[in-house]
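If you count by full-length UniProt numbering, then the sequence shown holds residues 1 to 71, one letter each, in order. No residue lacks a Cβ here, since even glycine has one placed at the ideal position from N, Cα and C. Source: prediction; values computed, not measured.
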Amino acid sequence: MDCTINRVIADAEFDAVDVRTCAALTGKGLGVLTEIDAIATMKTIKKKSRTDSHPRRGPRTSAEGRRGRLR
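Pasting the structure below:
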């Protein structure tokens, strides 16, 4: 089951398609509620994961994971 509608617009730049899309939504009484800069978001998540997380604890190899760490 597909949950998305995908379109490839080969003859236009991204910014032009963005403007056209927003104009078409506005014409129907709709609009964009929020825009997310995915690249900046991923950089922030990566940076936070290095500084705010606890050290990972787990098996070093899959064999250790199968045996279990507690005996």
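Hey, residue i and residue j are a contact pair by Cβ (cut 8 Å); roughly how many whole angstroms apart?
i	j	result
Val-17	Ile-9	5 Å
Closer than 7 Å, CB to CB, is residue i near chain D or not?
i	result
Ala-16	Checking the listed chains, one finds no chain D in this structure; it contains a single protein chain.
Taking the alpha carbon of residue i as the point to measure from, which residue in the options has its own alpha carbon closest?
i	options	result
Leu-33	Lys-48, Asp-2 and Cys-22	Cys-22
Go through its chain and collect everything with a Cβ distance to residue i's Cβ below 8 Å, but skip five positions before and after it.
i	result
Leu-25	Gly-31 and Val-32
Arg-20	Ala-12
Arg-7	none
Quiz prompt | Within the segment 8 to 40, ranges of the alpha helix (DSSP H) (whole runs, at least 4 residues) | solution = 14 to 27
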